[in-house]
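What follows is a short report on a single structure.
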Amino acid sequence: MGFFGFKLHPLARRVVVFLLLVVAGCAGRESMPTLPTQNPPPFSQSGELTVPDRWWSEFKDPALNEQINQALESSFTLAAARQRLRAARAVARREASNLFPDVNGVADIGSGFGPGPDLQNYVWGFEAAYPLDLWGQIESRVEAERLRASATREDYRAVALTLSAEITRTWFSLIEAQAQLGLLDEQIRTNRTGLLLQESRFGLGLIRSPDVLRQRQLVEATQEQAVVAKARIEVLEHQLAVLVGQMPQSAQYAPGTTLPKLPPLPATGLSSDLLQRRPDVRRDYLAFVASDRDLAAAISDQYPRLSLTGSLLNVADRPETIFRDWFVSIGGQLIAPLIDGGQRKAEVARTSAVVHELFNQYGQTMLIAFREVEDSLTRERYQLERLGHLEKQLALARQAADQLREQYLLEPDTDYLAVLTAITAQQRLQREVLSAQLELRLIRVALYLALAGSFDPQPQAALEPAFTVQQPANANPTEINLSETLDSDGFDLDDIDSQYFDPKPDEPETDGLINVAPNFVDSGFMFLETSNDE
14 MGFFGFKLHP LARRVVVFLL LVVAGCAGRE SMPTLPTQNP PPFSQSGELT
64 VPDRWWSEFK DPALNEQINQ ALESSFTLAA ARQRLRAARA VARREASNLF
114 PDVNGVADIG SGFGPGPDLQ NYVWGFEAAY PLDLWGQIES RVEAERLRAS
164 ATREDYRAVA LTLSAEITRT WFSLIEAQAQ LGLLDEQIRT NRTGLLLQES
214 RFGLGLIRSP DVLRQRQLVE ATQEQAVVAK ARIEVLEHQL AVLVGQMPQS
264 AQYAPGTTLP KLPPLPATGL SSDLLQRRPD VRRDYLAFVA SDRDLAAAIS
314 DQYPRLSLTG SLLNVADRPE TIFRDWFVSI GGQLIAPLID GGQRKAEVAR
364 TSAVVHELFN QYGQTMLIAF REVEDSLTRE RYQLERLGHL EKQLALARQA
414 ADQLREQYLL EPDTDYLAVL TAITAQQRLQ REVLSAQLEL RLIRVALYLA
464 LAGSFDPQPQ AALEPAFTVQ QPANANPTEI NLSETLDSDG FDLDDIDSQY
514 FDPKPDEPET DGLINVAPNF VDSGFMFLET SNDE
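Numbers in my numbering are just positions in the sequence shown, counted from 1, shifted up by 13.
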């Protein structure tokens, strides 16, 4: 009997049970939080020129370009990241092998001894096994590893970007250190000339000995600063050598003493466009999508599994009949989990928590990306203002030092301490202006790094076709274009049938996009949550 005395058809009963299970499974589902990047406001400043992928070329320094190109070929850090990428591709290739039958060759020779005649068996042939992916578990795992391989490639590109930024910072710091040393040498010569003048005036009895001692102290202080500058130059040379993959003992560079001209402010573009370019944002997004595929696989693992088996064997009792008798067998194996102590349910809860974790990490990475751009714009704006004030201070200090020096020469009774203070202030401001100019260019490097997109670290690697991943419905409505074909020395992600990245037949067409959004919240399968009381 069914509801209200009516008897339900068996098919109708199955439908009712299915609906009850769906309702029960969705009752405790936890929805994804909303990303705080809906319709982000534009950046506070923007130029007109687009940042090229190889952003350091904007400084128009051929020597810097040469150092970075050498690092892209010789850096051990980048080589290690490349090996991580190869390992990720191998994992994806290994997981994709589960989509194909497992065929093995077998051979067995046995002998039996007893009261009767001796028995011998010769068995050889082939055995095959193929798990049917009824619930999409294998497919989900393959997609997860493909996405992780893509995330690893974005991490590889992020390492290359970071390496290029470190080399640029070190190169500019080395130029500034050489300029500081040249300035200090000039100041030492000036101070020694002043010391000779003071000693001559002291010999004539025109000044007191403390004036000579103060001048000698100024010479020693300037020489001490020169020693610091020399040590800094050598340390920077060692750092640069290691970055480009060379031994630091023989590192010698001649970058000059003139910092490159600051390029015009680049175009920052729309805030949402930043998500297209930054490899760290793309990496975290791909890791997030991969975790959702892991969740789908964990849910599928709770369902029965069906495997097909087959064999083609030749059985003989003596060598001369070894090719005569063949036996073919075909079978299937159905395994349904009954009692596992809650292991599979706990795995679903774990992978669900990982999905939430990586989703929030992805949102945080986006906020950090926006902050880094705004921080660089703000720092550059105020650094330009600070540099202007420093240059005005330097001009005033130079005038004050010149006037006090002339007054001291004309009026011997003038206190030399005022002259010495003015000279010290002038020389200090000269060094501070150089440091401020370096800081301005380092800020621009940070801005380029915050805005720069990924580039292929291999100079002659061909550009690959890209596929597109659509973000979740509650994420910022942008599309992240991802280059999925990997370089020629390893696994090509396009080797796996593209059907695993096509929309399902019952889903709307998305022009070849991976339709991720329905899987996270709305489908009830790809993003099932454990009950809230767990």
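Yeah, the Cβ is synthetic: ideal placement off N, Cα and C, and Gly gets one too.
In this text the structure is predicted, and so the values were computed from the model without any measurement.
| Query | Result |
| --- | --- |
| DSSP state of Asp415 mapped onto helix, strand, coil | helix |
| Option nearest Val240 by Cα separation, candidates Glu250, Ala254, Asp198, Lys274 | Asp198 |
| Cβ neighbour criterion (16 or more within 10 Å) applied to Gln440 | buried |
| Coarse secondary structure for Leu462, derived from DSSP in three states | helix |
| Per-residue DSSP class, three states only, for Ser501 | Because the pLDDT of Ser501 is 35, which lies under 50, any placement of that residue in the model is unreliable, and the number read from its coordinates should be weighed accordingly. Coil. |
| Euclidean distance between Cα positions of Gln228 and Phe215 | 12 Å |
| Sequence-distant residues of its chain with Cβ nearer than 8 Å to Pro277 (five each side left out) | Gly60, Glu61, Leu62 |
| Beta bridge counterpart(s) of Asn134 as assigned by DSSP | Gly123 |
| Identified DSSP bridge partners for Phe89 | Partner(s): none; Phe89 has no beta bridge. |
| Secondary structure of Ile188, DSSP reduced to three states | helix |
| Beta-carbon separation (whole angstroms), Asp121 vs Val136, contact threshold 8 Å | 4 Å |
| Arg318: first and last residue of the uninterrupted beta strand (DSSP E) it sits in | 318-329 |
| Contact belief for Val294 with Ala164 at Cβ below 8 Å, rounded distance in angstroms | In fact, because the Cβ distance is near 11 Å, the residues do not count as touching under 8 Å. |
| Helix, strand or coil at Ser448 according to DSSP, with G and I counted as helix | helix |
| Residue closest to Ala303, alpha-carbon to alpha-carbon, out of Ser213, Ala244, His369 | His369 |
| Distance between beta carbons of Ser389 and Ile348, contact taken as under 8 Å | Not a contact, Cβ separation roughly 57 Å. |
| Ranges of the alpha helix (DSSP H) found wholly within the stretch 192-250, counting only runs of at least 4 | none |
| Span of the beta strand (DSSP E), counted from its first residue to its last, around Ser342 | 339-348 |
| Close-in-space but distant-in-sequence residues of the same chain around Phe185 (CB under 7 Å, 5 per side omitted) | Leu272, Leu451, Arg454, Leu455 |
| Inter-stretch contact at 8 Å, needing at least 3 Cβ pairs: the stretch 84-96 / the stretch 257-275 | yes |
| Cα-Cα separation between Ser496 and Leu112, rounded to whole angstroms | Confidence is the limiting factor: at Ser496 the pLDDT is only 39, short of 50, which leaves the residue's position unreliable and the question unanswerable from this model. |
| Thr434 to Leu403 span [Cα, whole Å] | 17 Å |
| Cα-Cα separation between Ala244 and Ser285, rounded to whole angstroms | 45 Å |
| Proximity winner among Ser177, Thr235, Arg306, Gln236, relative to Asp66 (alpha-carbon distances) | Ser177 |
| Unbroken alpha helix (DSSP H) run spanning Ile312, endpoints | 292-313 |
| CB contact flag (Thr378, Asp307, <8 Å) | no |
| Integer-rounded CB distance, given that Gln211 should sit under 8 Å from Thr270 | Actually they do not touch by this definition, with Cβ atoms about 30 Å apart. |
| Own chain partners of Leu275 with C-beta closer than 8 Å, once the 5 adjacent residues on each side are dropped | Leu453, Arg454, Arg457 |
| 8 Å CB neighbourhood of Val172 in its chain, flanking five on each side removed | Thr90, Leu91, Ala94 |
| With 16 other Cβ atoms within 10 Å as the buried cut-off, status of Ile246 | buried |
| Cβ-based burial, Trp339 [other Cβ within 10 Å; buried from 16] | exposed |
| Distance between Leu447 and Asp428 (C-alpha atoms, nearest Å) | 30 Å |
| Gly133 classed as buried or exposed, judged by whether at least 16 other C-beta atoms fall within 10 angstroms | First, the amino acid is wrong: residue 133 is Gln here, not Gly. Gln133 should be labelled exposed. |
| Best match in Leu319, Leu321, Glu387, Ile312 for proximity to Gln356 [C-alpha to C-alpha] | Ile312 |
| Classification of Phe16 by the beta-carbon crowding that lies within 10 angstroms, buried from 16 upward | Confidence in Phe16 is poor, its pLDDT being 36 and thus under 50, which makes the residue's placement unreliable; the coordinate value appears in the next sentence. With fewer than 16 other Cβ atoms within 10 Å, it is exposed. |
| Contacts around Leu104, its chain only, beta-carbon distance under 8 Å, and the 5 residues preceding and following it disregarded | Note that residue 104 corresponds to Val in the displayed sequence, not to Leu. Excluding sequence neighbours, Val104 sits near Glu158, Arg161, Ala162. |
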